[in-house]
Every structure is written in structure tokens, then in C-alpha cells.
Amino acid sequence: MNIVVAIKHIPSTADDLPIKGNNLDFDSLDFVLNEFDEQSIEQAVLVKEAVGGTVTVIGVDLIGELDGVLHLALAKGADKAIKITANEPGADSHQQAKWLSEAIKGLSPDLIFTGVQASNDIDGQMGPMIAAYLDLPYIGGVSSVEVAGDTATVNKEFAGGVGAKYLVNLPAVIGVQASTKPPRYAPISKVRQMAQTAKIENLEPVGEASAELTFKKMAPPVMTGHAEMLTGSSKEVAAKIVDLLKSKGLV
Amino acid sequence: MSNDIFIVIEHLDGKFADVSFEMVGKAKELASVLGGKAVAIILGSGLPANGFASDTTLFVDDANLAEFNPAAYGKVVEALVKEKSPRLVMFGWTAAGMDLAAWLSARLGKPCVAYAKEIRFESGALIVNSQAYGGKMLAEIAPSGDLAIVAVLAGSFPVEAGQGSTMATQIASPVVLDGLKIKFIESVKPATGDMDITVQTKLVSVGRGIGGRENIELANELASALGAVLTASRPVIDARWLPTSRQVGKSGRKVKPKLYLALGISGAPEHLEGMKSAELIIAINTDKKAPIFNYAHYGATADLFEVAEAMLELL
Ligand SMILES: Cc1cc2nc3c(=O)[nH]c(=O)nc-3n(C[C@H](O)[C@H](O)[C@H](O)COP(=O)(O)OP(=O)(O)OC[C@H]3O[C@@H](n4cnc5c(N)ncnc54)[C@H](O)[C@@H]3O)c2cc1C
Ligand SMILES: Nc1ncnc2c1ncn2[C@@H]1O[C@H](COP(=O)(O)O)[C@@H](O)[C@H]1O
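As given, the protein sequences belong to chains A and B, one line each in that order.
Position 64 of the first sequence, counted from 1, bears residue number 63 in numbering that gives the first Met the number 0, the numbering being contiguous throughout.
Position 298 of the second sequence, counted from 1, bears residue number 297 in numbering that gives the first Met the number 0, the numbering being contiguous throughout.
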């Protein structure tokens with residue numbers, strides 16, 4: 000089974016997210032692996048362990064800093080890493096999806112995993128777009144994958160704990176929400192070892208597509224409401240909460 | 000090219016999703032500005048399709064569409080859009096809509112804006128506000144061209160405006176639905192788990208800030224001391240620190256307790272969807288810009304462990 004996992008590094012939302020012009024100031028941000036990609040890497044490794052094969056991680060390198068997450072993926076069990084070097088922080092999803100599909104086509108995969116989404120989305124998700132460009136089926140929101148022959152049985156999550164099982168003909172693109180088992184931990188020493196020894200294959204971006212939209216503005220939302228902030232030391236905050244709950248008859 | 004607005008309606012277990020009604024209401028408002036019609040598109044089999052306030056309701060009634068299937072639904076929506084060229088196609092930014100919106104966008108080479116919170120036309124030009132970075136940012140986007148796709152975040156518009164009694168027109172599928180590469184097998188019912196969190200009056204809820212399995216016990220103690228039940232955000236559930244039945248949010252349960260004490264939860268849109276109408280929300284988070292504070296009634300920029308331990312001493 001030839002499994003390809005598209006991974007993305009995104010600005011950490013734990014950060015302050017400084018603005019420059021009509022978008023974020025990409026130069027002063029910390030980039031981290033998209034949380035759902037951690038799940039999809041694990042899902043790919045689990046499938047490989049179950050039925051054999053190789054796991055190739057691939058990403059579009061928009062800011063020249065993708066190596067870190069590729070090394071992390073290798074430490075978590077991926078066999079091969081590829082980056083498409085574009086160095087265009089503003090490249091939109093459609094353009095990136097096009098580059099990825101062209102590169103992925105050349106890998107003749109049986110199974111392509113993406114994360115279900117990334118938190119910096121504006122124009123939808125990469126998974127369905129890659130599927131559209133490659134004319135493959137797509138199913139997302141998936142929380143377990145079992146491969147048998149040239150089909151995969153997946154569980155897709157809807158709302159309220161309701162889900163459904165689907166049978167998917169391979170090759171297919173699957174958007175992973177959560178892997179069948181929680182992602183394994185990769186020790187720092189292993190990531191460091193990958194950084195020193197692993198070879199990352201470099202591909203030129205090929206193909207063109209456009210999201211057909213203009214970014215007018217990016218700003219923190221203007222909120223109508225905000226919590227009344229309880230100040231003081233943690234002890235004082237605790238006392239204020241307990242008093243509040245007592246006054247409302249909740250304890 | 001028409002000025003019509005398509006709303007792709009969603010249903011699960013025979014029940015229409017609230018976001019579908021929200022979109023129909025919004026679409027009517029937008030269509031009247033454009034001089035077009037709000038057209039509700041229902042894909043399914045044997046559904047009671049007459050409950051929308053849309054100008055027109057088209058019901059594609061086909062056994063292959065009985066349950067959501069991205070392969071089948073995608074084909075049908077694409078064919079209808081190609082045939083009728085609406086100005087705007089609206090999906091819910093839901094488990095189903097997420098499979099279709101961006102796919103359709105790439106198939107047609109037309110723009111797509113996900114996470115839409117606001118949609119308007121300014122002198123004929125479409126403007127969409129989209130939530131990004133876990134709700135910390137709001138982007139203003141101008142899709143170009145004569146057809147755009149928008150995927151709407153649930154809870155953005157009122158539900159009532161979309162409820163009505165328009166008689167649906169039943170149509171056959173515009174495409175043959177055989178040879179589908181995805182097959183629906185069966186529904187998976189919610190894990191019954193250890194309890195029903197939707198009926199509890201007090202919830203203490205932990206997020207990724209809880210750090211590890213070893214800290215769940217502290218949160219449990221606090222919950223017991225408050226006579227509350229412990230729930231969690233998705234990352235805690237995915238890590239298997241608590242059972243699935245305790246998950247609050249978009250893919251978890253929607254709760255409306257008298258008290259929701261959120262510890263180390265950032266307030267991502269998918270979490271808010273499940274708890275923002277709780278009667279009293281108190282949030283503890285070390286990040287003063289955490290979006291949860293925009294929805295909580297009371298909050299503190301503090302370490303959850305310190306606050307939890309101090310509260311335990313007082314209770
Ligand atoms: C289709 C889909 C469905 C989803 N469904 C759900 C769902 O049902 N429910 C859900 O919750 N999520 C859901 N998500 C995931 C959602 O997008 C977020 O990833 C998730 O809600 C984040 O959880 P969190 O707030 O616990 O984690 P984070 O966003 O990582 O936030 C952790 C917070 O803890 C704070 N913190 C850290 N340490 C401390 C400390 N010591 N004291 C106090 N605060 C601290 C940090 O400042 C941060 O704000 C879904 C996503 C998708 C794509
Ligand atoms: N630049 C990229 N390189 C590789 N994969 C990506 C990239 N952007 C998005 N993806 C994949 O698409 C998923 C959804 O991201 P997004 O479309 O940004 O919501 C991610 O989890 C990745 O699997």
C-alpha cells in the first residue's frame with residue numbers, strides 16, 4: 000500500500016498573531032504542525048502496520064521552514080519526505096492543492112490522507128480539492144480507517160456522536176479527524192536524529208490554479224460581548240468563583 | 000447566470016439541521032437584494048420536504064441519496080449548479096458540507112469561502128466574513144466572478160427566518176447514480192457511554208490545557224466538589240483521557256447546563272457550537288486572548304491547576 004500524507008504547518012494559535020497589511024505578519028509567527036495532521040500521520044502508520052506498504056509525507060513549503068514538521072513525521076513512522084518548495088507565504092489553497100495534486104499524481108498512491116482541516120482556512124480544505132483535481136473520491140471527518148484489498152472501510156463523524164460507516168474504493172483521499180488510536184509520541188532524540196540523517200526530496204511546484212478571491216482584511220473579531228474578568232491571584236480568583244456560585248445557588 | 004441562491008440542505012436521521020434553516024433565512028434576504036430566488040436543494044429519500052421558507056424547494060428524491068454520501072451528493076449538486084447557474088451556493092460548514100464545498104469549488108474553478116459568519120452584497124459585489132485561526136481572527140473576503148460557494152458556520156443566523164411551508168418540487172436526480180466510489184454501509188449510533196451529559200445541570204469541562212491523563216483526577220475532584228459532571232473538548236477525548244460520551248462540541252454533544260466551567264479550553268468555533276448557550280459560562284485560561292472569553296460570562300487569565308486546587312480548598 001502506497002500511502003501519501005499531505006501535511007501542513009500553520010501559525011500556532013497560541014500566539015498573538017500580529018497583523019501586517021491585510022494579512023498576518025508571517026515573518027514573526029511560530030509555525031507548528033496542524034493538529035489534525037498528527038492524527039493523519041498516525042492513521043497512515045497504523046494502516047502501513049496492518050497491511051504493509053510505505054508512508055510518504057509531502058508538504059508545500061511556503062516559508063522555507065517545512066523541514067521541521069517533515070522530520071517530526073519521519074520520527075513518527077513515515078518512511079519518506081517530500082517538499083514542494085514555493086516560498087510564497089500568500090499562495091492560496093487552490094494553488095497549493097494544484098501543486099500537491101501534480102506531485103501526488105507522480106507518486107501513484109493507493110491512499111492519500113489529509114487532515115480534516117487547518118484552523119487558518121479561508122477557502123475550504125485541501126483534501127476535497129486534491130480529490131477534485133485528481134478525480135478521486137473524497138471523504139472527510141474520518142475517525143478510523145481499515146484497509147482490505149483495494150477498499151477502505153472508514154468511520155465518518157457527524158454531529159452529536161452520530162457517525163456512519165462507508166466503503167471507499169481506492170485510490171481515494173481521506174480527511175482524517177482522529178486516528179483509530181491516539182498518535183504515538185516521538186521522542187525529541189528521534190526527531191533530532193531524523194533532522195541529521197533524513198533526506199528530504201525537493202520538488203518544483205507544477206501547475207496553476209486560483210482561489211478566485213481577494214483578501215480585503217484580517218483582524219481580530221469585534222465582539223459584542225466579553226467575559227467580566229476576575230482579577231487577582233489564583234487563590235483570589237478561586238474565592239471569587241466560589242462566591243459567585245454560592246450567590247447563584249449553584250453550590 | 001441567474002441571481003438565485005442555492006442552499007444545500009442537510010439532514011441526519013430524517014431531521015433537518017438548524018444551519019440549513021439559518022441559511023435559507025439568510026438566502027431569502029440576499030436573494031431579495033439581488034432580485035433572485037432562494038432555492039433550497041434537498042437531497043434525500045422520502046423526506047418531509049415542505050418546512051422551509053425558501054422561494055423554491057427542489058427535492059431530489061432518490062434511494063441513493065437517503066444517507067449522506069459525498070460521492071453521490073457531490074455529483075448531484077455539481078450537475079444542478081451547472082444546469083441552473085446560481086449566483087451563490089451555500090453549504091453548512093458541517094461534516095457533510097466540508098466534504099462538498101471545497102470539492103465543488105475546485106471542480107468548477109469558482110471561489111469558496113469557508114467558516115462564513117457574515118454574507119452580504121455591496122453594490123452587487125459579494126463580501127464574506129470568515130472566521131480563521133480558531134476564532135482569533137476574522138477575515139474579509141471578496142470572491143470574484145459570477146458564482147461563489149460559501150460554507151456557513153452554524154449559529155451565524157437566526158433559525159426561525161428559514162422555517163416556512165414552501166411546497167417542495169420533487170425532481171429526479173439529474174445524473175445517474177451508479178458506479179459510486181463511496182458506499183454508505185450503516186449508521187453508527189452515539190456511544191451510550193457512562194452518562195448523558197446533555198441532561199446535567201452543572202459541567203466542569205477540561206481542554207488541552209489539562210496537559211495529561213494524570214491531571215484528569217484533579218478535574219474530577221473539582222467536579223465532584225461542585226456536584227458537577229466532568230466533560231471535555233475534543234483533544235482530550237481523542238487522547239482517550241475521557242470517554243467519547245463526554246465530548247462537548249460540533250461532533251460531540253450540545254449542552255446547555257446552568258453552569259459550564261471551562262478549564263484550559265481555547266474556545267474554537269467547533270467547541271463553542273456545543274456550549275455557547277449555557278446559562279453561566281466561567282472560563283479559566285492562561286491566554287488572555289483566548290476566544291472563549293468572548294463568550295464566557297466570567298473569566299480569569301490564570302493557571303487552571305492553581306485555580307482548581309484553590310477552589311477545592313474552599314469547597
Ligand atoms: C469537523 C470538526 C469537528 C470538531 N468537533 C469538535 C468538538 O465536538 N468538540 C471540540 O471541543 N472540538 C472539536 N473540534 C476541534 C476544534 O477545532 C479544536 O481543535 C478544539 O476545540 C480545541 O480544543 P481545546 O480548546 O481543548 O485545545 P486548544 O485550542 O489547544 O486550547 C487549549 C487552551 O488551554 C490553555 N491552557 C494551556 N495551559 C493552561 C493552564 N495551565 N491553565 C489554563 N489554561 C491553559 C491555552 O491557552 C489554550 O487556550 C472539531 C474540529 C473539526 C474540524
Ligand atoms: N501546504 C500544504 N502542504 C501539504 N498539505 C497541506 C497543505 N495545506 C493543507 N494541506 C493538507 O490539507 C489539510 C487541510 O488543510 P486546509 O485545507 O488548510 O484546511 C491539512 O491537514 C493537510 O493535510
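Even for Gly, the Cβ is constructed at its ideal location relative to N, Cα and C.
Item	Value
Counting contacts by CB-CB distance shorter than 7 Å, is P142 (chain B) in contact with chain A?	yes
Fully enclosed by the segment 246-295 of chain B, which beta strand (DSSP E) runs are 3 residues long or longer?	258-262, 280-284
What do you get for S27 (chain A), buried or exposed, if any count of 16 or more other CB atoms within 10 angstroms of its CB means buried?	exposed
Would you say F157 (chain A) lies against chain B (beta-carbon separation less than 7 Å)?	yes
Taking 8 Å as the threshold, find out whether the segment 52-68 of chain B comes into contact with the segment 117-135 of chain B through three or more Cβ pairs.	no
Check whether the Cβ atoms of V172 (chain A) and G105 (chain A) sit closer than 7 Å, and answer yes or no.	no
Beta carbon of I8 (chain B), beta carbon of V88 (chain B): below 7 Å?	no
Can you determine whether any heavy atom of ligand 1 sits closer than 6 Å to the C-beta of A289 (chain B), and answer yes or no?	yes
Bridge partners of F112 (chain A), per DSSP?	A:V4, A:I173
For I148 (chain B), write down the residues that DSSP places opposite it in a beta bridge.	B:V88, B:C111
Mind checking if V7 (chain B) is an interface residue toward chain A, Cβ cutoff 7 Å exclusive?	no
Closest by CA to A39 (chain B), which one among B:M22, B:L33, B:P47?	B:M22
What residues in the segment 195-228 of chain A bring their beta carbon closer than 7 Å to a beta carbon of chain B?	A210, E211, L212, T213, F214, K215, K216, M217, A218, P219, P220, M222, G224, H225, A226, E227, M228
State the start and end residues of the unbroken alpha helix (DSSP H) segment that holds K180 (chain A).	Run containing K180 (chain A): none; DSSP gives neither H nor E here.
With C-beta atoms as the reference, is N2 (chain B) less than 7 Å away from G24 (chain B)?	no
Are any of the Cβ atoms in chain A nearer than 7 Å to that of K27 (chain B)?	no
For V241 (chain A), which residues in the same chain have their Cβ closer than 8 Å to its Cβ, ignoring the five residues on either side in sequence?	V250
Can you tell me whether N119 (chain A) is buried or exposed, with buried defined as 16 or more other CB within 10 angstroms of its CB?	buried
On the premise that G298 (chain B) lies in contact with A282 (chain B), defined as a C-beta separation below 8 Å, what is that separation, rounded to the nearest angstrom?	4 Å
Going by other Cβ atoms of all chains shown within 10 Å of its Cβ, with 16 needed for buried, is E211 (chain A) buried or exposed?	buried
Who are the near neighbours of A208 (chain A) in its chain, counting only those whose CB is closer than 6 Å to its CB and skipping five residues on each side?	H93, Q94, K97
If we count the other Cβ atoms within 10 Å of its Cβ and call it buried at 16 or more, is S31 (chain B) buried or exposed?	exposed
Shorter than 6 Å, the distance from the beta carbon of K249 (chain B) to the closest heavy atom of ligand 1, or not?	yes
By how many angstroms is the C-alpha of N168 (chain A) removed from the C-alpha of K75 (chain A)?	27 Å
Relative to the alpha-carbon of G154 (chain B), which residue among B:K14, B:K253, B:G50 has its alpha-carbon at the smallest distance?	B:K253
Any idea if V127 (chain B) is buried or exposed, counting beta-carbon neighbours within 10 angstroms, 16 or more meaning buried?	buried
Residues of chain A with CB under 7 Å from R239 (chain B), in chain order?	P181
Identify the contact partners of T243 (chain B) in chain A, using a Cβ-Cβ distance below 9 Å as the criterion.	G160
Exposed or buried, what is M166 (chain B) when buried is set at 16 or more other beta-carbons lying within 10 Å of its beta-carbon?	exposed
Starting from K198 (chain A) and walking both ways along the alpha helix (DSSP H), at which residues does that stretch end?	Counting along the chain, K198 (chain A) falls outside any alpha helix (DSSP H), and DSSP gives it neither H nor E.
Near A16 (chain B), which residues of its chain fall below 7 Å by C-beta distance, leaving aside the five closest residues on each side in sequence?	E9, H10, G91, T93
Count the other C-beta atoms from every protein chain shown that fall within 10 angstroms of the C-beta of Y184 (chain A), then say buried if there are 16 or more, exposed otherwise.	exposed
Can you check which of these residues, B:V174, B:A95, B:G210, B:N293, is closest to K74 (chain B) by C-alpha distance?	B:V174
According to the Cβ coordinates, are E156 (chain A) and S143 (chain A) closer than 7 Å?	no
Classify N33 (chain A): buried if its beta carbon has 16 or more other beta carbons within 10 angstroms, exposed otherwise.	buried
Locate the beta strand (DSSP E) running through D195 (chain B), then write down its first and last residues.	Per DSSP, D195 (chain B) belongs to no beta strand (DSSP E) and is neither H nor E.
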